Each structure stands twice: as C-alpha cells, then as structure tokens.
Amino acid sequence: DFEVFAHGLRNPQELAFDDYGNLFVVDNDGDFGDKERFHYVVEGSDSGWRAVYQYRSNAQWKEVAGYNAWTAEKLWMPAAENTGAYITPCLSNYSDGPCGFTRNPGTALGEEWKGSFFLTEFPAKRLRAFRVEPDGAGFKMVDDKVVSSGINATGINFGPDGALYAADWGDNEWLPHNKGRVMVLDTAGTPDPLREEAQNILREGMEERNTVDILPFLDHADQRVRLAAQRALAARPEGNAVLSGFLVDSKSPRLARLHALWGFRNEITDRFEVEIFLSDPDPEFRAQAAQSFGKAGNLEAADAVARLLADPEPRVRLFAGIALGKIGSPWQLDPILTMLAENDNKDAFLRHAGVMALTRAEPEKALPTLAAHPSSAVRLAAVVALRRLKSESVTAFLTDADPAVVLEAARAITDDDSLPGALPALAALPIRGEEALVRRLLNAQLRIRTAESARRLAAFAASPDQTPVLRAEAIHCLAAWEHPAPIDRVTGWYRVLPDGDPAVARAALDAVIATLLSDGSEEVQTATASAIQALQYGDATERLEAIALDPDDAPEKRATALTTLAQFRSTRLYECLGAAFASGAPVLRAAACTVLTADDPDSADLPDHLAAALESNDLTEKQNAIALLGRLNRPEAKTLLSARFPPTDPEISLDLVLALERHPGLLRDLNAYLDAKPEDDPLSPWIECLSGGDAKAGRVLATTSLTAACIQCHRIDGAGGLVGPDLAGVATRLNPRQLLESLVLPMNAIAEGFGLINITLADGNLVSGILESETDDELVLRNLDGSLARIAKRSVSERTAPVSSMPPMGALLPPRELRDVLAFLLTLK
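The sequence shown begins at 32 in the working numbering and counts up one residue at a time.
Below you can see the structure in the form of structure tokens.
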C-alpha cells in the first residue's frame, strides 16, 4: 500500500505530528536567495520544490542558465507572495539550517513546554521551540523562542523519561572527526508524576496488559502512550468492539475518540452509519471521520462528505475536499464549486481541497467547461486540477480574463513533464504579460519551432516596448533553433529536443536584423551577436562592419560587432581593427587586441598595440594585454613581460605572475621572484590577489558559484546562510589583508562568536562553548542556553583551538577568481 503522500519539499530532515495527526516539517533552502520554510503538509500537496532549481545559475549549458522560477516567481514564499496556485505554500519562512525536528509528546520537560515543537538549527548552533494555532484551514506559528545556543545538534528526540536528547556533532567542522556527543536537555524542579507515569507505561508496554486496563490510555496525556494503546487494541480480536464504544459516544474524550477512529479505520465502512459520524458535534471528529471514509474508499459516503464542504469549520471543509478526491463523482461538483467560489482564493489549503475534489469529477467532461465559470477562483482551481491530471484540456483557460489563470495554465503546459500536445495553443497567444508568462510563451515558440513561431520570436525581439532582458531571451531562443540545449530554458527540466532547421531562424532574423544591430541595449546586442554566430548568419556582416567603424556608436556595441566580425572572416576586419585601435575607448582597443592575437598572432603590429595597452590608464585593458602576452609565443612578448617584472604595480602583479608561468624563458625570473617572498608571511602565496580584482565578477562568484559558495554560509544583502558572519560592512571591520587571510587561511582568523572550543578542566570535567572573549586571566564562553560562563585560566588543564567551518578558498578558487571575490568583499562597507 505504498503511496506518495505529498511532494515538493526541499530536504526536510525530520517531520513531526501533533495530537490530531497533523504533519509538520521545516525544510532547507537552496542557499541562493530563498529561505527555509515551515510547512503544514496535507495529503496530495505540492510544496513546489524541484531539484532542477538548485543548478539554474550554474548550468552546464551556460546559454540556459540564469532565470530561476523558484526565486523569480516567489515559489518559496508563503501564500501572500507565492505566485504558484499549484503549490500548497509554506506557513512561513523560518529557521537557518533546520535539522532535527520533534514535538513534545505531552508529558516531557514540563507544563511550560506542552504542545511545543523543537527544532535544531545546525549551522547556527541553536535549538528553537514554538507552538502552532489554527489559522483558517491551516496553522500559524506562535511563541517562537530560542531554547539554547552553542550546540551543533543534528537529530533530537524525547526519551521515555521526558528529557530531550540531542545528537551533538561536536566541534564545528564539516568533516567526520569522532567528536560527537549525546546531550540531554531537561528542566529542573520537582519531578512531574505524569512524566514518571508515562515512563513506567512505556517501559512495561501493552502486551501483558488486559484490554480493560489499556482503554484509559487512549486519553493519556502522552501521545506515545495513546499510540501504543491504539495499536495494541487494533491488533486484538476484540479491539474493534471496544473501540466502537468511543466512536459512538460523542461525550467521550476527544483524543480517545480520535485514536479509536484511527485504530478502527480499516472497517469503518461496514460498521457505522455515515451520517452519525459526519454530523458529530465535535468539528475535529467530523473532519477526521470524513478523512477516514475517504481513505476507506466508501463511495456511499460521498454525498454526506460533500455536504461538509459547507461546514462552518475550515478544517472540516479541508478534510472533506481531500476525501472527495478519493470517493467523489460528478454528483458532488456543485458543492465543490460553491466552496471554491466562496473561498475566493483566500485560503490556499481550501483551494487545495477543492482541487483534490475536482480531480475526481469526470475531468475530461466537467473541468474544461469551467473556463466559463464566473468565479476566477473556480477557474484557477480547475487549471490546477487539469495539471494534476496531465490533461491537455487546460488549453481552454489560455484566453482567460484573469492573468493569474492564464499563467497557471501556461505552467501546466510547460513545466515538469509538460503537455507537448498543448504547446501550439500556448505558442499562439500574444507574447505579453508578466515575465513568468512571457518566458514560457517564448520557450513554447522554441519547442514547437515552426516558421510562424520563429517570426513571432523575431518580432518580439525587435519590439521597443519590451524589456531588454526578455527581448534578449527571444533572440537566444532563435540562436538555439538548430541545436537546443537539453535543458528547459525556463524550468531547467531535462528535455531533449530534435534539431531544427537554421534557415527558418535565419529568415526570421533577417526581417529584424537592422533593428537589432542598431539597438542601444547591451543585452540585445550581445544576444544578437551570439545568434549571428550560432546561425552562421553571414548577411549581417555589412551592418556589423558599419557599427564597428562608426566613431559615434557606443564602444561596447562596437566591441561586440568587432568580435562577431572575426567569426565571419569579414574582408573589412582589419579596417575595423584599425578604427578600433585608433579610438580612445579602452574596451574597444582591448577587444581589438584580443581579436588580432587570435586571428594573426604573428602580426607585425601586434606587439606595438599590446605595448600601448600596457601603458593604458584603464586597468581592464592593461590586464587583458598581459593575459594576451602570456599566450603569445613571440620574443616581443617575452621582452614586454620581462620589462615589467618583478611587478611594481600591485593591480597587475597577479596578471604578470600568471603570464610568466606560460613562458618557459621567463620561469627563472618568476622563480626568483617567488623565492624572494618573505617566508614569515603566511599570505605570501596569495599576496598578488590583494589588488586588481573585478568586484562585479566577484559578486557573481560569491552569490552563484557552487565553488565559492559564499552565500551558502554568509548573508549577502540580507540573503544567505548564517554559518559564518553576515558580510554586511565586512570591509569596514577588516582591512584587505585581513579579508584575504579570512579567505585563504580561515583557521588563522576566526570571527569572534563563530569559533567553538572544548576545555578540559583540572578536575577532569569537560566544558564546551563559543569563545566570546579572552584575557590573560580568564576565558568567556557562551553556553548552550545563551548565558556566559567565565572560566579562570588557572583551572584549565587543556583546551582545543577554535574551529572554523570555512574551507580554505585559496585551494578551491583559481587566483583570478579569488582576486575578484576579494574585490567584491572590499565593496561591502
């Protein structure tokens, strides 16, 4: 009886149930701007996460990297901001690196913690607790608090004794080190009789007890005792008979009735009148009874369950809708639609209940007709139901007056496995609307690849009233026409498409090429150049030559044209190169040097151009020239590099070192320079990275690179992890050398408050905590509960060095990337 209960969560480490069987989890974020999520997980729910989102910024196929629906469309956010109607959204964005998760079974710790969930935040070294309260058909978090801090706890669980046990990773290292411990957290004070009673019952078990003695345990204060009693009674021949007494008696304790219902469920259809259960005065029992009839497949209960869709309690309506997803029929369609219309998208959980119910209502006949329903909430739910059913009938909603309905229909057609048969209908829509829809419309043109879809892409690309980013995306779709990458441009889904006819794309591009080549947008210009190259569109040469030779055009645009002309072997390439070298624009001269080095490395003029670039006041042009000299196997290159070595300008010192590494005749000079470095300076191997970096490139590395991965552990502009210090203002706190040291030798300079130490006292006791401060006489540690402990140094027998979790970036990043990351960090003031 294996079944998928729910999906779309991202790495929830553990889950926990409350007293009424509600399932809660806290899942982890992707460390690229999203945030961890606290969920109430209901049956059939889709929480939105797809593994492909993790790699959208670092795709192997760079031409499809960039757009990430998970963040751009706010799919990770709660209902108020989340744009995905197919998603049952999280209750809140919460936590930092959630790991262990459990709930007080009822008698643990003490009265203060009754009903509390406990969560470990492993990277942040915190233990949190909170409760939940009903909020519509869902819940909201209340009483959130930090219980303790300073312990790297992973898993947690309550012992039979009522104490909370935690698996402690030990020192803050990310590699196995055999320093883990089991920690016990408990409250002080007078022993609680209920705790002792629960411990004794759990120790003794149920097997030797008679049925009469077990029955009272169905209402015990401890959930573990109640569940043990439920299972024991359900397994006994007389179990159903004794459980039925609780079921029919509405005055019995609520928890006892619920556990009786859960234990009895397999035969619920044969033993009781449906109406009795579904009209029970207790709303929780009505809800659970509806769920039970659904799980039991009791088709005869469908009409009575459908009447609960008008119940005054949202929770009852939720469970009734989910049950109808199993036992419903077209006869219940009207109450389903009424519930959805009255909800009007206000409660995402009730919309989910309506969607689940609609999936049983003869979808191929009934659901497409809802495109004419006056309620947009009903139409939206119908689209999500059709998506679940993988029905191409969802195309009936593509012309809806509500943009949210159209977007949801487009998602149903293009996302996940997609509905290929519905793509032509989507591609026929006018390409307009919000970015999430426009990207899917553009992508649909690429996936069907007709002559008309090519023309539509070209027309959109040439439209001045569209954003440059989306116009560039349309051009990229044309560029990919012949050989599309096997990664979906919107979702990242692996989807292999057959090769297309490049002549179709070239014909479409030809109609707008003049407009595109004269456009002032850098995004459009770059995309156009890539399309010309990918499609081998030679007719653009004349226009590109005109741009490259126009002294009044933007230097960046002329540089793009020049680079593209080199790919087409333009007969006027050297005329364009001459104009570029004669210009006063560093970016254009640098592009000319790059083109000439690749096209004619033996050119008599090349050394002079590179020598001139070395004297430029523009750092990028100068660094580019040095890199080109490093690749140029000519005596002049050796002479130009040797004349500037050893380096005197720190901004180009790294470039010179890297260039000399490629010249065998200069290795002696390089080795002499390296040998002369001070041996007592631990930063010597990376000292050239202190200056000359590209802060813009460094930001991209810090926020998107899986290698640098800065944002996974540090917060940048309010987003990211908390394993390490927040990087806001880091350039004010640390000078360039200190920042470099923190990157390449993280163990040498652990930020205050982020180094964990173990201390062995003279009496043999072990003390652990975060080293807050230290004087000649004492150590100040932050304890697990956040309090400070002062330890006299004379009482310390042994102590470990503070441990950092950060890897040495000098071993992970190439020198230029390390320099760029440092340059970015230096901007954070």
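By construction, the Cβ of each residue, glycine as well, lies at the ideal position given by its N, Cα and C atoms. Nothing here was measured: the structure is a model prediction, and the numbers come from that model.
Checklist entry - Taking C-beta to C-beta, are Ala482 and Leu457 nearer than 9 Å? => result Between Ala482 and Leu457, the gap from beta carbon to beta carbon reaches 9 Å or more.
Next on the checklist: Can you find the residues in the same chain that come closer than 7 Å, C-beta to C-beta, to Thr858, ignoring five residues on each side of it along the sequence?
Outcome noted: Ala726 and Ala762
Checklist entry - With Leu417 and Leu438 assumed to form a contact (beta carbons below 8 Å), what rounded beta-carbon distance in angstroms separates them? => result Actually they do not touch by this definition, with Cβ atoms about 14 Å apart.
Checklist entry - In chain order, what residues of the same chain have a beta carbon less than 8 Å from the beta carbon of His640, not counting five sequence neighbours either side? => result Phe612, Arg620, Ala623, Cys624 and Leu627
Checklist entry - Taking Cβ to Cβ, would you say Gln44 is nearer than 9 Å to Pro129? => result Going by C-beta atoms, Gln44 is nearer than 9 Å to Pro129.
Checklist entry - Counting only runs that start and end within the region 488 to 570, where is the alpha helix (DSSP H) found for 4 or more residues in a row? => result 499 to 510, 533 to 541, 544 to 548 and 553 to 565
Next on the checklist: Three Cβ pairs or more, each shorter than 8 Å: is that satisfied between the region 139 to 154 and the region 100 to 114?
Outcome noted: no
Checklist entry - Under a three-way DSSP split, which group does Lys145 fall into? => result Coil, per DSSP.
Next on the checklist: So the candidates are Ala37, Gly52, Ala197 and Val57; which of them puts its Cα closest to the Cα of Leu46?
Outcome noted: Val57
Item to check | Where Pro165 falls: helix, strand or coil (DSSP) | outcome: strand
Item to check | CB of Met387 within 9 Å of CB of Ile358, strictly | outcome: no
Item to check | Cutoff 9 Å: Glu112 Cβ touching any chain B Cβ | outcome: Considering every chain present, this structure includes no chain B. It has just one protein chain.
Next on the checklist: Which residue marks the beginning of the alpha helix (DSSP H) containing Asp686, and which one marks its end?
Outcome noted: Ser684 to Leu691
Item to check | Closest Cα partner of Val273 within the set Asp192, Glu74, Phe295 and Arg847 | outcome: Phe295
Item to check | Option in Gly64, Arg68, Gly52 and Asp49 with minimal Cα separation from Asn42 | outcome: Residue Arg68 is the option with its Cα nearest to Asn42.
Checklist entry - Roughly how many whole angstroms lie between the Cα atoms of Leu660 and Ile718? => result 22 Å
Next on the checklist: Taking 8 Å as the limit between beta carbons, can you name the residues of its chain near Gly696, skipping five residues before and five after?
Outcome noted: Lys669
Next on the checklist: Among Ala854, Ala656 and Ser310, whose alpha-carbon lies nearest the alpha-carbon of Cys720?
Outcome noted: Of the candidates Ala854, Ala656 and Ser310, the one whose C-alpha sits nearest the C-alpha of Cys720 is Ala854.
Checklist entry - Pairing CB atoms from the region 836 to 844 with CB atoms from the region 767 to 784, are three or more of them under 8 Å? => result yes
Next on the checklist: What ranges does the alpha helix (DSSP H) occupy inside the region 704 to 773, keeping only unbroken runs of at least 4 residues that lie completely in it?
Outcome noted: 726 to 735, 741 to 744 and 761 to 764
Checklist entry - Can you list, in chain order, the stretches of the alpha helix (DSSP H) that have 4 or more residues and sit fully within the region 328 to 363? => result 333 to 338 and 345 to 358
Checklist entry - How many angstroms separate the CA atom of Gln564 from the CA atom of Gln598? => result 7 Å
Item to check | Nearest candidate by alpha-carbon position, reference Gly181, set Asn789, Asn796 and Asp192 | outcome: The option with the nearest alpha carbon to Gly181 is Asn789.
Item to check | Residues bridged to Phe55 (per DSSP) | outcome: DSSP lists Ala47 and Tyr71 as partners of Phe55.
Checklist entry - Among all the DSSP beta bridges, which residues are the ones paired with Phe132? => result Leu150
Item to check | C-alpha gap between Ile822 and Gly786, whole angstroms | outcome: 17 Å
Checklist entry - Thinking just about the alpha-carbon of each residue, which of Leu509, Leu758, Arg442 and Gln654 is nearest to the one in Ala539? => result Per the Cα distances, Leu509.
Item to check | Neighbour-count burial assignment, Leu8, 16 or more Cβ in a 10 Å radius | outcome: Missing from the structure shown is residue 8; the chain here goes from 32 to 860 and no further.
Item to check | Residues sharing a beta bridge with Met172, DSSP | outcome: Val163
Next on the checklist: Within the continuous beta strand (DSSP E) that includes Phe189, where are the two ends?
Outcome noted: Ala184 to Phe189
Checklist entry - Nearest to Ser799 by CA position, among Asp334, Leu819 and Asp807, is which residue? => result Leu819
Checklist entry - When DSSP labels each residue in this structure, what does Trp244 get in the three-state scheme? => result Residue identity differs from the one stated: residue 244 is Asp in this sequence, not Trp. Here Asp244 sits in helix by DSSP.
Checklist entry - Taking the C-alpha atoms as reference points, what is the distance between Leu815 and Gln230? => result Because Leu815 carries a pLDDT of 49, less than 50, the predicted location of this residue cannot be relied on, and the following value inherits that uncertainty. Cα-Cα distance, rounded: 26 Å.
Checklist entry - What do you get for Ser804, buried or exposed, if any count of 16 or more other CB atoms within 10 angstroms of its CB means buried? => result exposed
Checklist entry - What is the rounded straight-line gap between the Cα of Gln556 and the Cα of Pro366? => result Straight-line Cα distance between these residues: approximately 55 Å.
Item to check | For Ala577, the nearest candidate out of Ala707, Pro709 and Arg589 (CA to CA) | outcome: Arg589
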